[in-house]
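Structure first, then comments.
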Amino acid sequence: MDLSRRGDGGGRGRNARALRLAPLNFNWSAFWVAVVLYVVTGLFGITLSFHRNLAHRSFKLPKWVEYLFAYFGVQAMQGNPMDWVSTHRYHHQFCDSERDPHSPIEGFWFSHMSWLFDSSSVVQRCGGPSNVGDLEKQPFYRFLKRTYIIHPVALGVLLYGLGGFPFLVWGMGVRIVWVYHITWLVNSACHVWGRQSWNTGDLSRNNWWVALLAFGEGWHNNHHAFEFSARHGLEWYEFDMTWYVVRLLQAVGLATDVKVPSESQKQKMSTPTLT
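Oh and the sequence shown: position 54 is 54 in UniProt numbering, straight run, nothing missing.
This is the structure:
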């Protein structure tokens with residue numbers, strides 16, 4: 001999972017300042033605004049939309065639903081959909097190599113967040129965003145790329161109007177920083193700690209506590225084994241909140257062409273490593 005290469009350094013700085021002010025601006029209404037937006041932007045926006053739907057095409061949605069969830073992802077302030085998806089596709093193409101945009105072979109902190117501070121790093125390693133033609137041809141995603149920063153600013157203004165500085169600090173600052181680090185843990189912790197259930201030939205791990213925080217994204221070795229799968233928690237005990245939402249969308253007829261690995265595909269990848 002990835003943040004846009006078009007650095008959000010200024011936004012991160014403002015959010016860090018807001019985070020320091022959080023204890024002085026706490027109230028329960030502001031806290032619950034942050035929790036709701038964590039689910040809306042983290043689950044529906046990043047994991048379901050940007051990652052499983054747009055980056056991997058694990059299922060199809062009606063365009064109005066696809067665009068709504070992608071808009072939720074923009075409010076996570078992790079970049080516009082085209083840049084996010086491009087970087088993530090490069091991660092899978094060059095996984096755990098020198099060309100991986102956030103390669104864990106360069107250290108935990110590089111894969112967690114340091115890679116973000118060099119805005120030219122992804123282009124130098126991978127080239128330009130030439131792997132998102134499916135999104136570039138859609139006017140909506142071009143619009144979001146042109147106007148990206150306007151949308152979280154508008155949400156911040158709305159939150160301030162509804163609840164003053166506490167809503168702004170918790171609904172934007174605290175929530176955005178929290179979702180940032182949950183996303184980054186998939187890039188870092190899930191390539192260091194956990195179990196490899198499948199012989200993927202890379203460093204990806206299944207990490208239960210990241211899965212809980214990141215709505216199922218922590219079953220990262222499963223994901224690298226079956227990139228196309230809408231389901232990351234492949235065992236009954238592997239809690240995958242995003243998958244449960246996809247199943248609900250499928251049950252009501254909104255999600256179609258939902259992809260999961262077949263038994264024969266699992267068999268081909270079933271030689272486990274001992275780490």
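Just so you know, even glycine gets a beta-carbon here, dropped at the ideal spot from N, CA and C. Bear in mind that the values here come from a model prediction, so they are computed numbers and not experimental data.
Please identify the residue among the options whose C-alpha is closest to the C-alpha of residue i.
i	options	result
residue 92	44, 195, 201	201
residue 236	141, 227, 216, 270	216
residue 255	35, 204, 48, 41	48
residue 43	260, 86, 177, 241	241
residue 77	231, 174, 135	174
residue 230	189, 59, 188	59
residue 313	209, 169, 176	This structure gives no information on residue 313, because the portion of the chain shown stretches from 1 to 275.
residue 178	27, 23, 35	35
Between which two residues does the alpha helix (DSSP H) carrying residue i extend?
i	result
residue 30	28–37
residue 170	Run containing residue 170: none; DSSP gives neither H nor E here.
residue 135	133–136
With DSSP run on the structure shown, which of helix, strand or coil describes residue i?
i	result
residue 198	coil
residue 268	helix
residue 259	coil
residue 145	helix
residue 75	coil
residue 94	coil
residue 153	helix
residue 25	helix
residue 53	helix
residue 86	helix
May I ask you to list the residues that DSSP assigns as paired with residue i?
i	result
residue 60	256
Enumerated in chain order, which unbroken segments of the alpha helix (DSSP H) with a length of 4 residues or greater are wholly contained in the stretch 176–246? 208–213, 220–225
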